[in-house]
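Note that the protein sequences, when read in sequence, are chains A and B. If you count the first sequence from 1, you need to add 30 to reach the working numbering. If you count the second sequence from 1, you need to add 1 to reach the working numbering. Worksheet for the structure shown next.
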Amino acid sequence: MRTMETEVLVIGGGATGTGVIADLALRGFRCALVEKRDLAHGTTGRYHGLLHSGGRYAVKDPKAATECIEENVILRRIMPHCIEDTGGFFVVTPWDDDAFGDRFMQGCRDTAVPCEEISIAQMLREEPHLNPEISRCFRVPDGSADSFLATQSVAALAQAHGAQILHYYEVKHLIRQGDRVVGALCYDLVKDEEVAIQADLVVNAAGAWAGKIAHTAEVEVNVRAGKGTMIAASYRIVNTVVNRCKMPADGDIIVPVHTVSIIGTTDEAVPDPEHFAIEPWEVQLMMQEAAKIVPGWRDLRMLRCWGGVRPLYQETKVADTRDVTRAYTLLDHETRDGVAGFITITGGKWTTYRQMAQVTVDRVCEKLGTVRPCTTHETVVPNPFEQGHGRKHHNLGQRLADVEEKEAFGQLICECELATRAHVEHAIIQGEAKTIDDVRRDVRVGMGPCQGGFCTYRVAAIWHELKKPPIEETNVTLRDFLQERWKGLMPILWGPQLKQERLDELIYLSVLNADHLPGPRASRLGPAMYEPGTAWESEHAHV
Amino acid sequence: MANNIWQAQLNIEAHTLKPVELTLDHCIKCNICVTACPVTAVTDLFPGPKYVGPQAGRFRHQGQPSPDHSVDYCNGCRVCNMVCPTGVKIAEINGRARAHIVQSGQVPLRRKLRNNLIARPELMGKFGQPLAPIANGLLHSGFGRFFAKLLLDIAPNAPLPRFSGERFSRWAHKRRDAVRSDRKVVYFHGCSTEYFEARVGKAAVQVLEANGFEVIVPSQNCCGLPLLSNGEFAAAQAYHESNIRHMVDYVKQGYVIVGTSTSCTLTLKEEAPEMLAYHTPDARLLTANTFDIHEFLVHLLDAGELKTDGLRPMPLTLAYHPPCQYRAHRLGRPSTEIMALIPELTIIESQAACCGVGGTYGYKAEKYDITMAVGKPLFDFVQQVHGPIAVCDSETCRWNIAAATGVPLVHPIELLAAAYGYEPEGPLAEVMT
């Protein structure tokens with residue numbers, strides 16, 4: 031067993047964890063982060079991509095609304111390349127209460143969320159596909175966010191300031207000595223070995239998994255996993271974030287992010303953040319609710335369906351997870367549970383990740399008896415993939431403009447999302463990808479309409495060329511990614527996407543014989559399936 | 002009455018007509034269009050229909066400047082649409098993307114001037130035709146070509162047509178009372194017949210009259226296709242609206258519109274409404290009642306109403322190129338069917354995808370070489386057949402093939418008119434004597 035030592039250990043490589051490690055590094059702490067998969071593999075990489083204006087919580091959760099608008103302004107300034115300035119609408123559809131509009135306006139005023147009512151004619155000029163029966167429309171500064179790029183960028187900033195980022199390190203359990211947590215025992219999935227990491231302080235930023243982590247140190251943290259199901263349509267049917275103007279409910283928002291429009295979400299308490307199924311009623315409900323906002327929605331091609339689990343913290347038991355506050359919670363286990371060297375930051379949402387990191391690291395300073403001011407609100411986060419784009423907001427046409435400028439049409443690996451050979455090579459080498467899914471999170475391969483049909487074999491070929499692994503390893507890498515794409519397609523197999531999958535099936539199962547290539551069926555780095563029992567687990571169940 | 006049988010019902014509701022961009026949802030990335038595209042086969046400047054159409058379409062935003070420019074190398078031949086197994090309207094997506102580039106002012110001034118000039122054959126005709134001898138002399142002189150290249154970037158070897166001595170509509174007007182009949186058709190001559198090849202219109206009128214129709218030649222404008230292909234949508238819409246105004250009353254009386262220019266009829270039928278997303282009830286009425294002339298004749302033939310007796314034998318072996326704009330009508334090969342009626346005439350059909358000219362595309366200096374490379378297999382074919390003339394339905398293709406091969410071209414309707422015994426004009430007259 032290897033051992034390592036650091037000052038502060040952060041558990042969890044989502045928005046919160048990477049935010050915390052960047053803040054720690056900027057304040058000069060020696061620190062390391064462990065993530066059991068790739069960065070943004072969990073909830074961060076599975077949300078609809080909304081940069082909240084705070085409008086969503088203006089009536090129901092004013093504290094969360096204020097946090098959102100404060101952070102909205104800061105994030106636009108410090109990480110513009112991760113944000114598209116789409117703007118947002120709150121619309122009153124015929125199914126909603128007209129009077130809620132006034133409460134909404136008042137709520138926005140009370141929480142300082144900028145909001146103006148616009149005419150329906152103006153709304154339809156900007157978004158001609160919206161329901162013409164909408165009676166009121168309010169404009170707010172919502173945006174859409176690339177949470178993969180943001181997590182990568184923040185992690186790169188942390189690394190540039192000396193932090194260690196360890197992905198594919200799964201925490202087996204925290205190491206407790208008496209009334210103190212002194213580190214964590216981790217399992218390196220790639221090297222297949224255990225690593226004990228000693229730390230003066232452990233920050234539990236494991237999101238929906240925070241309860242599980244705390245439990246290993248015999249500390250009880252009640253984090254509910256609230257499953258949210260989302261469906262992406264293959265096209266930007268709207269270019270503005272469109273919210274239903276009513277109390278938060280299932281299927282009340284369409285977010286245009288990169289090339290797709292995402293309808294979200296449901297909210298169902300699930301017992302295990304690891305395993306959950308997407309239910310047919312959820313898909314039906316999303317389709318039905320989306321059609322209230324965009325009447326032609328059902329005719330669009332659905333690209334993919336997925337679920338994420340919200341970390342919802344509550345000290346007391348609650349039945350409906352929607353009633354849990356979306357504001358975040360910082361738990362100092364020394365004062366709360368009498369266990370020193372251990373704090374948990376949980377709850378919140380992507381938009382408030384930086385503020386959550388700030389209060390967490392303030393507490394770390396306090397614990398370690400030092401005063402170091404936070405600078406993350408004024409530190410611009412560079413784009414690790416492209417120099418020079420850092421100061422501009424991301425926009426929809428950017429990738430196409432880049433490919434055109436470089437005349438890189440002949441170098442496209444993922445044709446749908448316009449990922450070039452250079453992108454893929456960068457992700458494999460500099461990004462230290464362990465799976466093709468890691469490459470996807472870095473450069474968006476396989477995320478377009480064909481869902482990997484035409485790029486998976488190309489990426490596998492480049493992978494093999496660059497890494498020169500035994501052929502069995504490349505084969506299983508290919509199969510893992512095909513499984514990963516497939517799981518998000520099963521719930522929406524109708525219409526054009528069914529035709530696409532039939533073609534993809536012919537490519538991989540008939541032409542390339544992917545199921546019978548030498549090598550294991552699946553690897554331990556392969557995807558966790560929504561249903562209990564991953565491919566790898568069922569294969570190795572007898573071991 | 003045959004006309005009433007064809008009078009199409011407007012059973013398509015306007016609100017079901019969706020913008021062409023939404024068809025990109027049906028792309029399954031199969032690459033069939035890429036392998037069929039004649040342009041991407043010869044140049045790296047055009048990344049292919051899949052890339053510029055359904056793929057790039059996902060990255061375009063009506064509210065932002067266009068991020069791409071390679072789509073401008075699409076020549077609009079519509080071969081991609083024809084081969085697409087899922088019905089993506091690739092060529093139309095490309096046309097609309099180009100219009101967005103034009104509308105956001107992303108075309109350099111000199112190119113914009115040029116495009117606006119060559120996209121207005123009606124304007125050129127109005128000024129050039131009355132001065133035909135001088136205009137022809139100038140346009141076909143080395144001097145004129147040199148300045149056209151220098152000032153406007155027009156390809157020095159562009160297949161420019163020659164203005165004809167008399168406007169077709171003047172000829173038609175002079176003989177407007179020659180035939181009276183209850184069976185009437187409206188003839189859409191288009192700019193090429195009006196200003197450059199009156200003989201095609203004359204042949205069409207003769208054939209229709211020989212079959213007992215009175216031919217109405219209404220006042221009309223350019224169909225607007227050259228403007229559509231150059232992204233000048235506002236001007237194209239003005240032409241289209243004017244054409245609807247001039248012709249829709251005839252349609253409402255139960256008459257159909259026939260045309261000899263396959264591009265014009267395609268524009269009236271489909272291109273203008275789809276590209277402009279212009280679906281008024283009158284526009285849809287025009288759409289449903291416009292026919293290519295050979296499509297019309299095949300209907301007559303099927304009804305046993307086409308004059309097929311006493312056709313004059315024509316002992317010739319000729320190459321025929323069904324233009325891509327004609328194949329885009331999705332009609333089979335009506336011209337081939339009609340030409341087959343002519344005794345002793347042997348027609349050898351080309352299998353080439355496209356002659357390359359793409360309307361105004363081949364007139365542009367930066368695209369001329371692509372045009373010639375695309376057309377090469379067709380040019381070789383025409384020369385191999387070695388007929389004294391060759392046959393093609395579309396005017397710009399005729400001019401392009403003739404310029405590239407030295408073989409003169411005729412419209413198939415000219416052959417039928419000659420077989421009916423009418424005196425041919427132009428290249429056919431020389432062959433028939």
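Every residue gets a Cβ at the ideal spot worked out from N, C-alpha and C, and that includes glycine. Just so it is clear, the structure is predicted and the values come from calculations on it, not from any experiment.
Between residue i and the rest of its own chain, which residues show a CB-CB distance below 8 Å, the 5 nearest in sequence each way excluded?
i: A:Asp128; result: Val122, Ser165, Arg166
i: A:Lys422; result: Pro110, His111
Could you tell me whether the Cβ of residue i comes closer than 8 Å to any Cβ of chain A?
i: B:Ser71; result: yes
i: B:Gln352; result: no
i: B:Pro428; result: no
i: B:Arg59; result: yes
i: B:Gln65; result: yes
i: B:Asp45; result: yes
i: B:Gln56; result: yes
i: B:Thr87; result: yes
i: B:Tyr74; result: no
i: B:Asp26; result: yes
i: B:Pro68; result: yes
Taking only beta-carbon atoms, is residue i less than 8 Å away from chain B?
i: A:Asn505; result: no
i: A:Val38; result: no
i: A:Cys112; result: no
i: A:Pro162; result: no
i: A:Thr400; result: no
i: A:Ser264; result: yes
i: A:Ala29; result: Chain A is shown only over 31 to 573; residue 29 of chain A falls outside these bounds and no answer can be derived.
i: A:Cys446; result: yes
i: A:Lys202; result: no
i: A:Cys480; result: yes
i: A:Ala431; result: yes
i: A:Thr33; result: no
i: A:Asn269; result: yes
i: A:Ala349; result: Because the pLDDT at A:Ala349 is just 44, under 50, the model does not fix this residue reliably, and the value given afterwards should be weighed accordingly. No, its Cβ sits nowhere closer than 8 Å to a Cβ of chain B.
i: A:Phe119; result: no
Can you tell which of the options has its C-alpha closest to the C-alpha of residue i?
i: B:Leu317; options: B:Ala420, B:Leu25, B:Tyr188; result: B:Ala420
i: A:Ala188; options: A:Cys138, A:Leu56, A:Ala236, A:Cys275; result: A:Leu56
i: B:Arg171; options: B:Arg328, B:Ala136, B:Ser220, B:Phe128; result: B:Ser220
i: B:Lys19; options: A:His82, A:Val369, A:Pro158, A:Ala94; result: A:Pro158
i: B:Gln207; options: B:Ala179, B:Ser193, B:Gly225, B:Leu332; result: B:Ala179
i: B:Pro323; options: B:Ser336, B:Lys90, B:Arg313; result: B:Ser336
i: A:Met316; options: A:Asp297, A:Asp302, A:Glu304; result: A:Asp297
i: B:Ile435; options: B:Phe292, B:Gln238, B:Gly58, B:Ile258; result: Absent from the model: residue 435 of chain B. The displayed extent of chain B is 2 to 434, so no value can be given.
i: A:Glu408; options: A:Met34, A:Ala45, A:Asp53; result: A:Asp53
i: A:Ile99; options: A:Asn269, A:Phe130, A:Val143, A:Cys61; result: A:Val143
Keeping to the same chain, check which residues put their C-beta closer than 7 Å to that of residue i; ignore five residues upstream and five downstream.
i: A:Arg86; result: Asn273, Pro278
i: B:Thr87; result: His27, Cys28, Ile29
i: A:Phe30; result: In the structure displayed, chain A extends from 31 to 573; residue 30 of chain A sits before or after that span and is not available.
Which whole-angstrom value is the C-beta distance of residue i and residue j, which I expect to be below 8 Å?
i: A:Glu37; j: A:Ala186; result: Rounded, the Cβ-Cβ distance is 20 Å, inconsistent with contact.
i: A:Gly294; j: A:Gly337; result: Contact flag wrong, Cβ pair sits at about 10 Å.
i: A:Arg169; j: A:Cys145; result: 7 Å
i: A:Gln481; j: A:Arg515; result: 5 Å
i: A:Arg384; j: A:Thr400; result: About 21 Å; that fails the 8 Å criterion.
Can you list, in chain order, the residues of its chain whose CB lies under 6 Å from that of residue i, leaving out five sequence neighbours each side?
i: A:Leu204; result: Val211, Ala214, Thr246, Ala247
i: A:Ala262; result: Val290, Ile292, Leu333, Arg334
i: A:Val40; result: Gly47, Val50, Ile51, Leu63, Val233, Ala235
i: B:Leu332; result: Glu296
i: A:Phe415; result: none
Between the segment 170–183 of chain A and the segment 202–210 of chain A, do at least 3 Cβ pairs fall closer than 8 Å? Contact fails: fewer than three Cβ-Cβ distances are below 8 Å.
Please determine if the segment 75–92 of chain B and the segment 36–52 of chain B are in contact, where contact requires at least 3 C-beta pairs separated by less than 8 Å. Remark: three or more beta-carbon pairs, one from each stretch, lie closer than 8 Å, so the segment 75–92 of chain B and the segment 36–52 of chain B are flagged as touching.
Does the pairing of the segment 250–262 of chain A with the segment 231–242 of chain A give three or more beta-carbon distances under 8 Å? The count of Cβ pairs closer than 8 Å, one atom from the segment 250–262 of chain A and one from the segment 231–242 of chain A, reaches three, so the stretches are in contact.
Stretch-stretch touch, CB-based, cutoff 8 Å, three pairs: the segment 105–125 of chain B with the segment 463–479 of chain A: Output reads no: the segment 463–479 of chain A does not touch the segment 105–125 of chain B.
Using 8 Å as the Cβ pair cut-off and three pairs as the minimum, do the segment 282–296 of chain B and the segment 223–235 of chain B touch? No, the segment 282–296 of chain B does not touch the segment 223–235 of chain B.
Stretch-stretch touch, CB-based, cutoff 8 Å, three pairs: the segment 201–215 of chain B with the segment 234–249 of chain B: No, the segment 201–215 of chain B does not touch the segment 234–249 of chain B.
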